[in-house]
Amino acid sequence: MQVAVELFGIPRARAGLSQAAAAGSTLGDVLADLARQFPPLAETCIDGRSLRPGFIVNLSAERFVTSPETPLSEGDTVLLLSLDAGG
Amino acid sequence: MAGDRLRSFLGGSGLGVDILLGEGAAEADPLSADSSLVFVFSPLVGSPLTTSAKFAVVSKSPLTQRINDSLASSGFALAGKKTGHDAILLTGKAPRPTVVVIDDGEVRLEPAGDLWGLTNQAAQDRLRDRLGSDFQVATIGPAGERLVRYATISHDGRHAGRGGSGAVLGAKNIKAIAVRGSQRTPWAHPRELVELAKRLSDKSFGPATAKYRELGTATNLLAFNRLNVLPTRNFQQGSFAGAQAISPEQLSVTRERTRSSCVACTIGCEHLYGMQNGDGKVRLEYENLFAFGPLCGIDDPEIVLQACKRCDELGLDTISAGGTIAFAMECAERDYIDEPWLRFGDGAALLRGLELIVSGQGLGRLLADGSRRMALEVGHDSIKFAPQVKGLEIPGYDPRGLQTMALGFAVGARGADHNRSGAYEVDFSDAVDRRNVGSECVPLAIETENKAALMDSLILCKFLRGVFSDFYAEAAEMLHLVTGWDTSADELRRAAARIVTAKKRFNILAGWTPAEDTLPDRMLRDALPEDARAQLSPGRLAALVEAYNRERGWTREGFIVNEIG
């Protein structure tokens, strides 16, 4: 399953783009695919199938998730962003 | 100052509140000669620990009539500590414009007639020309002189920003405080401290601070916009069509950008953007950007930068200035005030509004008092959409979509504030459903509030918080190496709770009532138009507040029944 990915902040800077597509039926699958596509993104934000500390995923502007086993559904959009929101 | 008092309240915000309680400041009018205002340093100031060059300014707020602690950074903290003092307490009122000069152990008052009316930077430059470049100077701008209730105290381009401490100084006829010192505080374990400081600095270069270092806080804008929690047009919406145009990502393409940092900071979060009118560069933070951009419906980055620059010069808190003008824009659009020129999205109107605030004329007189007082003057039940808690304008987090933050705003001792409660961190996690939180969020919100109270008293920058694996234990080690105290993590946890309780005690003495711990009616009645699930209710927020009070060990209404030993 292909899912849409939107990147914000450091993930966007590392990947060099604001939107991408990735394959997978779980969050871990999608993160691993993103890491393959964008090695600089993996260096900072993704460790294997998991998020590195300081980063978080939100699904379709609805809920925040971190578990690699989180199932994804058709039409989900994965928002990858920095965890710290302060400013 | 006695060691046990320092150990109980540390420095910064905590020590400041304790000093003010001892002065009876809670009962005084903050704009009267009876008021007290205190600059407070901390045990860590002057140490090699990154981000520790900070000072707090603590007083009763003329905006909220409650406790106000605002922090700023850089050389003033270092020089002030070197005068040999833990704190500088100002009481009374000078008969004419005055500079307080503290030169090591000597204190003197000098006339400031030639400085009155000058912008912050101009006053600081002139004073250092007069006194010597080794003095560090904190000033008020014209806003503080004219008692704008959200006037700042400025030093080196940074501001003790929220709550109107600049007006408290202005009411005392104090234009500036100049400090110079030569007394270095010895460290208990210097070799180990330097080693720890190096490890902390190394960690501060890591991924936990990359966002601040590489992009700055303004990069929140697009993420918040996507999540529909970006306050827009006076909190009537949670997303802004013009967000991309004013985003730092876009500004980085079209404008020159440079980085800067506070003294003794290795993070370097400040990002300055060039102005197209050739008027130099302006520091842009998320809160400034939100307040002069989406909140006022402005999608022109040049206007936002001009507004930021003007607030720096005049000495205005950007969140309260933007919030009050946005409120006035809505009042004007509803014909509650006869100001047809004042419309959302009109950049010229925003800039005119800023000038009016400091003019004290006409609408400016209302604007200078903040949105709560203005609403009470305007009537029409406009208090229901005045964007404030306890009188302090709400920062850039829509509480309907970030409901742990809603609790943090409601119970905050200085009003709606993102620096005294980091509860948004809970919402930005998988620990809660941010649009439907229950009591599970309460201890998590309290933990962020306690942690903030400790960081504001040590004092360390909150942008470091992600680099600690065991914050309380690591903070105890820092204090031990600097002071020699056998401080433990548990002792610091108690200190954090003690400081939060002291702020509450101040507020109770100042007249706090439980009814204050709430949000504007708009946020308890209307869902965000972009997100029907982002909705609070009076009953749900009240239940959260009650759970918070019980978790604190207070009465269900929020009165203190316990002392923190």
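Keeping their order, the protein sequence lines are chains A and V. If you want our numbering, it's the 1-based position in the first sequence plus 8. If you want our numbering, it's the 1-based position in the second sequence plus 1. Glycine included, C-beta positions come from ideal geometry on N, C-alpha and C.
Check	Outcome
Considering only residues of the segment 462-524 of chain V, which uninterrupted alpha helix (DSSP H) runs meet the minimum length of 4 residues and lie entirely inside it, listed in chain order?	472-484, 490-510
State the DSSP-derived secondary structure class of F16 (chain A), mapped to helix, strand or coil.	coil
Could you check what DSSP says for F560 (chain V) in three-state terms: helix, strand or coil?	coil
In whole angstroms, give me the CA-to-CA distance for N278 (chain V) and C309 (chain V).	14 Å
Let me check understanding here. Comparing Cα to Cα, which of V:F291, V:H272, V:R256 lies closest to F241 (chain V)?	V:F291
So what's L529 (chain V) in DSSP terms, helix, strand or just coil?	strand
For L459 (chain V) and L11 (chain V), which I take to be in contact (beta-carbon distance under 8 Å), what is that distance rounded to the nearest angstrom?	6 Å
Between S90 (chain A) and chain V, is the shortest Cβ-Cβ distance under 8 Å, so that the two count as touching?	yes
Which value, in whole angstroms, describes the spacing of the CA atoms of G114 (chain V) and P98 (chain V)?	5 Å
Any beta carbon of chain A sitting closer than 8 Å to that of D313 (chain V)?	no
Keeping to the same chain, check which residues put their C-beta closer than 7 Å to that of V412 (chain V); ignore five residues upstream and five downstream.	D518, V546, Y549
Out of curiosity, what's the CA-to-CA distance linking L525 (chain V) and S538 (chain V)?	5 Å
When burial is assigned at 16 or more other CB atoms within 10 Å of the CB, is D280 (chain V) buried or exposed?	exposed
So which residues on chain A does R227 (chain V) lean against when the C-beta distance must stay under 9 Å?	E14, F16, N66, A69, L87, L89
Are the C-beta of F429 (chain V) and some C-beta of chain A separated by less than 8 Å?	yes
With distance defined between alpha-carbon atoms, name the residue in V:R6, V:L364, V:G13, V:A26 nearest to L510 (chain V).	V:A26
Check the DSSP bridge columns for N66 (chain A) and list the partner residues they point to.	A:F72, A:L87
So, under 8 Å CB-CB, V427 (chain V) and L455 (chain V) are touching, yes? Tell me the CB distance rounded to an integer number of Å.	About 17 Å separates the two Cβ atoms, so there is no contact after all.
Which two residues bound the contiguous alpha helix (DSSP H) that contains A144 (chain V)?	143-146
Per the DSSP calculation, G275 (chain V) is bridged to which residue(s)?	V:K282
State the CB to CB distance for the pair L315 (chain V) and A144 (chain V), rounded to an integer number of angstroms; the pair is presumed to be in contact (CB under 8 Å).	5 Å
Quick check: the segment 224-242 of chain V against the segment 79-98 of chain V, are there 3 or more CB pairs under 8 Å?	no
Beta carbon of M177 (chain V), beta carbon of T140 (chain V): below 8 Å?	For the sequence presented, residue 177 (chain V) should be read as Ala rather than Met. For A177 (chain V) and T140 (chain V), yes; Cβs fall inside 8 Å.
Show which residues of chain V have a CB atom less than 8 Å away from the CB atom of R60 (chain A).	P208
Compare the C-alpha of N121 (chain V) against each of V:D487, V:R311, V:E257, V:G23 and name the closest.	V:R311
Where does the unbroken alpha helix (DSSP H) through D457 (chain V) begin, and where does it stop?	442-459
Starting from D434 (chain V), find everything on chain A with Cβ-Cβ shorter than 7 Å and list it in chain order.	R71
DSSP state of I565 (chain V), grouped into three classes?	coil
In the DSSP output, what is I54 (chain A) paired with across the bridge?	A:L59
Along the beta strand (DSSP E) that carries V379 (chain V), what are the first and last residues, could you check?	Segment 371-379 is the alpha helix (DSSP H) holding V379 (chain V); no beta strand (DSSP E) there.
Kindly indicate which residue of A:P47, A:A23, A:G17 has the alpha-carbon position closest to the one of N226 (chain V).	A:G17
Measuring alpha carbon to alpha carbon, tell me which of V:A3, V:K199, V:A219, V:T259 ends up nearest Q245 (chain V).	V:A219
Hey, L42 (chain A) and L49 (chain A) are a contact pair by Cβ (cut 8 Å); roughly how many whole angstroms apart?	6 Å
Output needed for K61 (chain V): all residues of its chain with C-beta closer than 6 Å, excluding positions within five of it in sequence on either side, in chain order.	A26, P31
Could you name the residues of the segment 213-227 of chain V whose beta carbon sits closer than 9 Å to any beta carbon of chain A, in the order they occur along the chain?	Y213, E215, L216, G217, T218, A219, T220, N221, L223, A224, F225, R227
State the DSSP-derived secondary structure class of I338 (chain V), mapped to helix, strand or coil.	coil
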